[in-house]
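Colleague: Below is the structure I would like to discuss, written out as structure tokens.
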Amino acid sequence: MASLRDKTLLMAISIHRSFLLFLAGASLLLLLSACGAQPARPDYVLVIHGGAGTILPDRITPEQAEAYHAALAAALATGEAVLAEGGSALDAVEATLRLLEDDSLFNAGRGAVLTAEGRAELDASFMDGRDRQAGAVAGVTNLRHPIRAARMVMEKSPHVMMAGRGAEVFAIEAGLDTVPNAYFVTARRRQQWRRSQPDSSGQKHGTVGCLALDRAGNLAAGTSTGGMSNKRYGRVGDSPIIGAGTYADNATCAVSCTGHGEYFIRHVVAYNVAARMAYAGQSLTEAAEAVIHQELVAAGGDGGLIALDRQGNIAMPFNTPGMYRGYVRAGEPAFTALFGEE
Ligand code: ASP
Numbered sequence: 268m269a270s271l272r273d274k275t276l277l278m279a280i281s282i283h284r285s286f287l288l289f290l291a292g293a294s295l296l297l298l299l300s301a302c303g304a305q306p307a308r309p310d311y312v313l314v315i316h317g318g319a320g321t322i323l324p325d326r327i328t329p330e331q332a333e334a335y336h337a338a339l340a341a342a343l344a345t346g347e348a349v350l351a352e353g354g355s356a357l358d359a360v361e362a363t364l365r366l367l368e369d370d371s372l373f374n375a376g377r378g379a380v381l382t383a384e385g386r387a388e389l390d391a392s393f394m395d396g397r398d399r400q401a402g403a404v405a406g407v408t409n410l411r412h413p414i415r416a417a418r419m420v421m422e423k424s425p426h427v428m429m430a431g432r433g434a435e436v437f438a439i440e441a442g443l444d445t446v447p448n449a450y451f452v453t454a455r456r457r458q459q460w461r462r463s464q465p466d467s468s469g470q471k472h473g474t475v476g477c478l479a480l481d482r483a484g485n486l487a488a489g490t491s492t493g494g495m496s497n498k499r500y501g502r503v504g505d506s507p508i509i510g511a512g513t514y515a516d517n518a519t520c521a522v523s524c525t526g527h528g529e530y531f532i533r534h535v536v537a538y539n540v541a542a543r544m545a546y547a548g549q550s551l552t553e554a555a556e557a558v559i560h561q562e563l564v565a566a567g568g569d570g571g572l573i574a575l576d577r578q579g580n581i582a583m584p585f586n587t588p589g590m591y592r593g594y595v596r597a598g599e600p601a602f603t604a605l606f607g608e609e
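So for the sequence shown, our numbering puts the first residue at 268; every next one is plus one.
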């Protein structure tokens, strides 16, 4: 049996050991923070928006709000399934946006807002953060998935942007599905269009956008829209313009915008966020908020954006009452929101 003296000695040794372990742990933490070590980046991240605008709790029924939450959650689940299986950020963005283009709740693909002539003219763009390859289509009227067409321009042509009939001929040759223009026109949009005539300055948003960070650490971004309602003369907004409505560069961030396109073009919003990070050393959140809440507010431009960097940081600022939005990070439950302060 151990004597009292032995017991005291053993206790002292174990206290000493714990103290040494504590010291080692504390110094490791200190060392990590001194090196500016970041928390480990998540395995993958997917961020989406479904447009910014006058989205207020009293303008939407609980059933409608539920339908939007469900649609956003379904889109997140679609993109997450691609990323969880080790798929690329490009594939996740395309799969997510195709689903949103088919969903008539949003102003993209089926359910797009109508031009002054009462038809759908769609714009979309796509960008790969690995090498700044990019593709876009503008003013297409018969392609079921404009986002797929934008990706085809990026991958199967030497160009970045194609417009109108030429873009459609190219996409058909690349094997894309076509639909009659009436496929995009829903009863809700037709009604909205009738009500808004002859006023030609409609401000209906609802564009869809998606950003992904995949397991390999690569970023991608895509945006798809019907543009502004009652648009005329072949008007093209920011959504298909690389650097204005969409941007992705592994060195900085991926961005997709929604809002009054003319302002987003003038302020080169998507690239503006990336440039602030690269040249002014701003964080993703600082850069995104400065553009939306300072630059655009001062200019009178309404809208919002989603942004994602390689560490998995997310920013989703908007200067409108609401923005349909959501994200999912590996191992965490998905988040969706419609209004401000959620
Ligand atoms: N930015 C789009 C455009 O101006 C519209 C929107 O986001 O709702 O075409």
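We put the beta carbon where it would ideally sit given N, CA and C, even for glycine. On a predicted model such as this, the values are computed, not experimentally measured, just so you know.
Can you give me the start and stop residues for the alpha helix (DSSP H) that F531 sits inside?
Modeller: Segment 528-533, the alpha helix (DSSP H) holding F531.
Colleague: With DSSP as the reference, label G346 as helix, strand or coil.
Modeller: G346 falls in the helix class under three-state DSSP.
Colleague: Consider the C-beta atom of D369 and the heavy atoms of the ligand ASP; say whether any pair is separated by less than 8 Å.
Modeller: No, since every heavy atom of the ligand ASP falls outside the 8 Å radius drawn around the Cβ of D369.
Colleague: If you follow the alpha helix (DSSP H) that Y594 is part of, which residue opens it and which one closes it?
Modeller: Here Y594 belongs to no alpha helix (DSSP H); instead the beta strand (DSSP E) covers 589-596.
Colleague: With DSSP as the reference, label L667 as helix, strand or coil.
Modeller: A question about residue 667 goes unanswered here, because the residues of the chain that appear run from 268 up to 609.
Colleague: Could you give the distance in angstroms between the alpha-carbon of K314 and the alpha-carbon of A555?
Modeller: It should be pointed out that residue 314 corresponds to Val in this sequence rather than to Lys. When rounded, the distance between both Cα atoms is 14 Å.
Colleague: At what residue ranges does the segment 476-516 contain a whole run of the beta strand (DSSP E), taking only runs of 3 or more?
Modeller: You should have 486-492, 513-515.
Colleague: Output the distance between the C-alpha atoms of E333 and L551, rounded to the nearest integer angstrom.
Modeller: So the two alpha carbons sit approximately 30 Å from each other.
Colleague: Can you tell me whether DSSP reads T328 as helix, strand or coil?
Modeller: Reduced to three states, the DSSP call for T328 is coil.
Colleague: Near I559, which residues of its chain fall below 7 Å by C-beta distance, leaving aside the five closest residues on each side in sequence?
Modeller: Counting only Cβ-Cβ distances below 7 Å, and skipping sequence neighbours, we find G571, L572, P584, F585, N586.
Colleague: Grab the span of the beta strand (DSSP E) containing L605 for me, first residue to last.
Modeller: Looking at the DSSP string, the run of the beta strand (DSSP E) that includes L605 is 602-606.
Colleague: Any idea what DSSP makes of D390, helix, strand or coil?
Modeller: The answer is strand: DSSP assigns D390 an E or B state.
Colleague: In this structure, what does DSSP give as the bridge partners for F585?
Modeller: Paired residues: G571.
Colleague: Would you identify the three-state DSSP class for L366, choosing helix, strand or coil?
Modeller: Here L366 sits in helix by DSSP.
Colleague: With a threshold of 8 Å, are at least 3 pairs of Cβ atoms found where one atom belongs to the segment 316-332 and the other to the segment 443-455?
Modeller: The segment 316-332 vs the segment 443-455: no contact.
Colleague: Can the beta-carbon of T363 be found closer than 9 Å to that of A537?
Modeller: Taking 9 Å as the Cβ cut-off, T363 and A537 do not qualify as a contacting pair.
Colleague: Once DSSP output is grouped into helix, strand and coil, what is the label at T445?
Modeller: The answer is strand: DSSP assigns T445 an E or B state.
Colleague: Taking DSSP as the reference, what is the three-state secondary structure of I315?
Modeller: Three-state DSSP puts I315 in a strand.
Colleague: Excluding the 5 residues flanking K423 on each side, which residues of the same chain have their C-beta closer than 7 Å to its C-beta?
Modeller: Excluding sequence neighbours, K423 sits near A441.
Colleague: Looking only at DSSP bridge pairs, what is G320 linked to?
Modeller: Answer by DSSP bridge pairing, in chain order: G589.
Colleague: Looking at A521 and D481, is the spacing between their C-beta atoms short of 9 Å?
Modeller: Not in contact: D481 and A521 (Cβ atoms no closer than 9 Å).
Colleague: Comparing alpha-carbon positions, which option in A483, S491, N485, A511 lies nearest C477?
Modeller: Checking every option, the nearest Cα to that of C477 belongs to S491.
Colleague: What is the residue span of the alpha helix (DSSP H) that A545 lies within?
Modeller: Start and end: 536-547.
Colleague: Alpha carbon to alpha carbon, how far is L366 from Y546? Give it in angstroms, no decimals.
Modeller: Using only the alpha carbons, I get a separation of about 36 Å.
Colleague: Among P324, N497, S371, P588, which one has its Cα closest to the Cα of E384?
Modeller: Nearest of P324, N497, S371, P588 to E384, Cα basis: N497.
Colleague: Under DSSP, the beta strand (DSSP E) around G406 begins and ends at which residues?
Modeller: Segment 400-407, the beta strand (DSSP E) holding G406.
Colleague: Give me the DSSP bridge partner(s) of A521.
Modeller: Per DSSP, A515, L575.
Colleague: How many angstroms separate the CA atom of R457 from the CA atom of A518?
Modeller: Approximately 43 Å, taken between the alpha carbons.
Colleague: Assuming A434 is part of the alpha helix (DSSP H), what are its boundary residues?
Modeller: Taken as a continuous stretch (DSSP letters only), the alpha helix (DSSP H) holding A434 covers 431-440.
Colleague: Counting pairs of Cβ atoms below 8 Å between the segment 417-433 and the segment 369-380, do you hit three or more?
Modeller: Short answer: they don't touch.
Colleague: Pick helix, strand or coil for D358, following the three-state DSSP scheme.
Modeller: Correct three-state label for D358: helix.
Colleague: Which one of D395, A405, A434 has the shortest CA to CA distance from G501?
Modeller: Cα-wise, what sits closest to G501 is A405.
Colleague: Starting from Q458, trace the alpha helix (DSSP H) both ways and give me its first and last residue.
Modeller: Per DSSP, Q458 belongs to the alpha helix (DSSP H) from 454-463.
Colleague: Report yes if the CB atom of P413 is closer than 9 Å to the CB atom of E368, and no otherwise.
Modeller: Their beta carbons are under 9 Å apart, which means P413 touches E368 by this criterion.
Colleague: Between the alpha carbons of A582 and V475, how many angstroms are there, rounded?
Modeller: Distance between the alpha carbons of A582 and V475: 16 Å.
Colleague: Return yes when the C-beta of H527 is under 8 Å from any heavy atom of the ligand GTP, and no when it is not.
Modeller: Annotation note on the ligand GTP: not contained in the displayed structure, which lists the ligand ASP as its ligands.
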